[in-house]
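Step one of this worksheet: look at the structure below.
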Amino acid sequence: MAPMEAQYLQLSFRSAEKMNDPALLGGHYRPAELLGQGGVAHVVLATDLFSGRKVALKMALEGKPEAAEAIRSEFRFAITHRHPSLVNPLGLTGDEAQPIIIMPYAVGISEDEVRSLLRSSVNHPQGAWIDDFIIEILECSAFIHFCGYLYNDFKPANFIWKQDHGNTEKARPLLLDFNLVSRIGETLSKRGTIEYASPEVLLGKEPTTASDLYSIGAMLYDLFTGTPPFISDDNSILIKQITEDGMADLSNIPARLRDGIAALLSREPNSRPQDARAAAEAFGLRSQFDELVKLHAGFYLSAGKPPFSKELKKACSEYLTGKSEKALLFFGNGCGTSPNDFLAADLALSGYNVERIDGEETPQAISATFEYLQSPGNQIDTKKAVLIIDDITKLDHSERCRLRALLRQPVALPVIACGKRWISCDLSYHIFDPISNYSNYGATREALSAYLKKDAAVPENLSRASGGDPELIFLHLSSAIKKDTYDLLSPESSLDFPLESSPELEAAIERMLYPLDLSKQEMFAFMAAWGIEIPLILLTDFSTEQKNFVDILLASGHLRRGKDSIFFPSEDVRNYVYCRAKNEDRQRYHHYWAEAAEQYLPQGDDSIEMAAFHWGNSGNLRKGYNTNLAVATNLFKKGELGRANVFAETLVSISRNGGGTLPAALMISADILKQAGDYPEARRRYLELLRCLAKGSDQNIRAEAYKDMGDLYRSTKKPERALYYTRKALNHFEKLGLEQGVANCHNNIGLIFWVNQEYHKALESFDLALKANEQLGNFQEQAKIESNIGIIKEIMGKTGEVAGYFEKAYADAQKAADFWLEALIANNLGYYYIRHDELDKARFYLQKALEISEKISYTESTINALSNLGLCDLKSGDLFNSIDYCQRAMQMAKAIGNKHLSFDAQLFLSEIGILMGNFSLADSVLSSLEKDQIYIDNLVFARQVDVLRSRWQFSIGNVEIAQRLATETFGYARTVGDSRLQLEAQLALMATSMGDGNSIDQLRDLASEASKLGHNDLADIAALLLARQYLALKNIESAEIWLERAHSKSNQGRRNRLEGRLILV
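The opening residue of the sequence shown carries number 1 in our numbering; numbering runs sequentially from there.
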């Protein structure tokens, strides 16, 4: 709410000689007495004859052009940066030579009184307010810094020490006098007061936020001791004390404040807290500071230029030069008074007489404004005058009638009004809606840039939810800040916070719906039941009345028209309207849309999914069960787990209500959750399934449930529990005579031993499973098992046998006519050939895997193919193409809610970062992996990350840490028998000890071992390291031998060839 002092006329650029009474300033301010004078202005107490309130008029000193410019600059900053701890102006009057800022008259206690009050309270039980006092000063500086400015002159004289409501036991700081404010990074033309200026500013260096914090420290020192930290009548001596040899005496500072003030007064800027939050922490007041920032978050967001400020200025300029008898109405441009403050300041500083009706005006004040504007005696030049109305909906019918009279001749006063989007108003007006010319993404980007004072990546969910509406974006940001899901002051804070409803958001949307009567709101809810975008073909069976309603909603902006669809501009609005409808109405809407989807949409997965969604919410339980089961199963098979889970949850809900078989629903739901890595929830579903299967019921499903529980425990690295459930399933299948179930259990037992690094036992179980599937003629399962055997053989170093298993698996997948499996095994083959530096073969199989996967919409395999192609290009030296593949894989994995699929791509991306010298990229990717739970749960994966982290640490000069990580990984790999990981760790360790006397022999042994095990890519890297070693020893002949050995294969990667050329050079 605007302060009481601001509840009337705020901006006027009228010269006194034009008024009836030349003694008045600005037409209705009567000067009373001089309050004070500074370097650029003197301040006069005056009475506002309209409101009867006292105001302070800050008048530029006459005959000083620089003073006039300083006043205008101060006004522009102060009126567009509203904050409870800043004294914000009410308006501007005067003329070009002597501008006058109109300020609220605030009475405070003197500096000596506040010093006495602070010193008497600091150790008093009632002195807790001093913490608030310090926090308010620091938070006020944080606000200025967040907006991209420095204050440059913190000192006691620039504050009003206000005592609210007659409370004489404490004071509240209010900052004023903004004529030295500068943008961060801007060179100062004038420095602040020497006693409070930082050492670096006095030495002529560029000021920073730390410079302001020094000044705050000096000011607090003064307030608690009675003098600044350093004093001298000789400025040169004073500057020397501050910048060189002075030591501030902290003995008189209260003990609980001493550390904080000492930190702020550090002579070196880098030794001080670097921002206000760190300063608050130095005082032990971090949590109180953060709470105050959250309380004032709206002021931070709305300060400065509003969203679409350029478009707003342009629209106003065109309107003012057009001499229209209509008002200009601009919609939805942010929250609060930000756009109005910006526009009013810009017009006033351009020479316009600006009158303004605040959004919180009383009816009496509004009436007085109209009387003044309509009075012939006011002598306003309407050619250079404009009325700004903060909220047009606050005017009643009679006030709008008077407004029409102002718009028409003979007054013809231009009127610019602001209103919420979709308001209903009986005035004639031109509409300025900035987001109408933007996409949702573009409008969201503009709003975020204005609110956060920086360019920010636009989250898709925020763009979709808000539709780019600045008010909705503002409310989402405010809510996230209050709920600690977004840190306004942290540059590292992510905008990917969850979007949640709030009372403020719902109230804003409710206001948007005011213009719609009940029948139109019902139609709006009916449309909302479909979703965000409705194909026009679905409107085929609409009645004439329904089509008319749609046209009305399109005309009002509640709906928008696309090429072949109509859509809701905001997901927030759609959700609100839909959720407000009665349940029986929603079911009726969904039933209509389900039938429409089946009848009119082209046949395909999308139409089947849409029909299933609507049947699932229609109340038709049987139809909902069957369609959702089919879609969940299909999406699960394709690896699109996020979407599959949505339909599976609907399926479970329908089953609980009697729409279908609950065990089948629980089984598919648990399987999806397990595959997605949500093991706790998957376990709960499996246990519920087992409880659901009473004795004597379907034993087949019970056996499957035991098998899947075993697989879940395998995934969570609990081999004993995994074996218990899998063997229990095996017994059930054997009793039931289900040979395929028996074979599957042997296969799962093999997987359990594999995870537990018991490779020989794993191969024995896989052999049993393979023989059983050969007898059953199940080529599909044979292919899976053969592929697994190939992978284990490679881990064990039996690389000569691997290709045969993979090729056999690929052939069996083709026999099974299972495109999903064919794509999976093609990926395995491609990965195998990458590891053996046969990159042409690798690329052939990977392109095949990608082609099949995309054709059948097998998302999981598509991601794997992209990741592996990224690795292939990494090995061949095409790093930029590799980045493209890896980023595509990561984005797709995130989109389907399967983070595990992105891990390989992230590993490759971090390696690319290390190779390119982009260590910040590599560190960012590795850090995200190290924070994930899988880093703790999966030791194999964790050690792969550690190898790359070792290389990263070595690259940035942390040799000891690099050696420790490589050594730990080597020990782990040797323990579990992972030959490849062991060699990778050795290579990382070798890189850290290049030049040691033993390194050449060790590298020779490593190259020989890698070659013997068939890990040709690692053998080549070892050969290159040897060549470099010999080159450093000036043994060119040996270097060439090892270089030739690394490059002897015709399909050698381009990366190694390039490295070789660099060595020879």
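We treat Cβ as the ideally placed atom computed from N, Cα and C, and that holds for glycine.
Quantities reported herein were computed from a predicted structural model and do not represent experimental measurements.
Backbone secondary structure at residue i - three-state DSSP
i: SER543; result: coil
i: GLU854; result: helix
i: GLY304; result: coil
i: MET796; result: coil
i: SER1068; result: What is shown of the chain runs 1 to 1065, which leaves residue 1068 out entirely.
i: PRO199; result: helix
i: ARG191; result: coil
i: TYR429; result: strand
i: ARG1045; result: helix
i: GLU1069; result: The chain is shown only over 1 to 1065; residue 1069 falls outside these bounds and no answer can be derived.
i: GLU801; result: helix
i: LYS162; result: strand
i: PRO269; result: helix
i: LEU387; result: strand
i: LEU516; result: coil
i: HIS42; result: strand
First and last residue of the uninterrupted beta strand (DSSP E) at residue i
i: TYR29; result: 29-37
i: ARG356; result: 353-357
i: VAL55; result: 54-60
i: CYS418; result: 415-419
i: SER910; result: Where SER910 is concerned, there is no enclosing beta strand (DSSP E), although the alpha helix (DSSP H) it sits in stretches over 902-916.
i: PRO173; result: 172-175
i: PRO719; result: PRO719 -> not in any beta strand (DSSP E); alpha helix (DSSP H) instead, spanning 719-736.
i: SER882; result: SER882 -> not in any beta strand (DSSP E); alpha helix (DSSP H) instead, spanning 879-895.
i: GLU533; result: 533-535
i: ILE566; result: 565-567
i: THR93; result: 91-94
Integer Cβ distance of residue i from residue j, believed to fall under 8 Å
i: ASN938; j: LYS717; result: 7 Å
i: ALA210; j: ARG272; result: 5 Å
i: THR444; j: SER466; result: 6 Å
i: GLY419; j: LEU329; result: 6 Å
i: LEU86; j: LEU301; result: LEU86 to LEU301, Cβ: 15 Å. No contact.
i: ILE144; j: LEU220; result: Not confirmed; about 17 Å, so no contact.
Rounded separation between residue i and residue j - CA only
i: LYS735; j: CYS745; result: 13 Å
i: PHE299; j: HIS83; result: 6 Å
i: ARG1045; j: LEU1006; result: 14 Å
i: LEU723; j: ASP469; result: 55 Å
i: GLN163; j: ILE389; result: 33 Å
i: LEU1064; j: ILE1036; result: Low local confidence applies: a pLDDT of 38 at LEU1064 is under 50, so the model's placement there is unreliable, and no value is given.
i: THR969; j: GLN982; result: 7 Å
i: LEU452; j: LYS305; result: 11 Å
i: MET527; j: LYS793; result: 58 Å
i: VAL755; j: ILE795; result: 12 Å
i: PHE432; j: LEU349; result: 22 Å
i: ASP605; j: THR627; result: 12 Å
i: GLU854; j: ILE137; result: 59 Å
i: ARG586; j: ASN617; result: 8 Å
i: LEU536; j: ILE566; result: 7 Å
i: SER110; j: HIS165; result: 17 Å
Residue span of the alpha helix (DSSP H) that contains residue i, given as start and end
i: ASP1005; result: 999-1013
i: ASP923; result: 919-931
i: SER655; result: 641-656
i: ALA282; result: 276-282
Check your understanding: Do the segment 844-861 and the segment 877-890 touch if we need at least three Cβ pairs shorter than 8 Å?
Key -> The segment 844-861 vs the segment 877-890: no contact.
Practice item. Could you tell me whether the segment 112-123 touches the segment 223-230, using the rule of 3 or more Cβ pairs below 8 Å? Key: yes
Check your understanding: Does the segment 48-57 come close enough to the segment 85-105 to have 3 or more Cβ pairs within less than 8 Å?
Key -> yes
Practice item. Kindly confirm or deny that the segment 426-437 and the segment 276-289 touch, where touching means at least three C-beta pairs closer than 8 Å. Key: no
Review point. Taking contact to mean at least 3 C-beta pairs separated by less than 8 Å, is the segment 488-500 in contact with the segment 593-613?
Key: no
Review point. Do the segment 354-363 and the segment 385-403 meet, that is, are 3 or more Cβ pairs less than 8 Å apart?
Key: yes
Review point. Does the segment 865-872 touch the segment 904-921, meaning 3 or more C-beta pairs lie closer than 8 Å?
Key: yes
**Study point:** Sufficient close CB pairs (3 or more, under 8 Å) joining the segment 840-853 to the segment 818-830
**Key:** yes
Exercise for review: Please confirm if the segment 549-564 is in contact with the segment 495-506, defined as three or more CB-CB distances below 8 Å between the two stretches.
Suggested key: no
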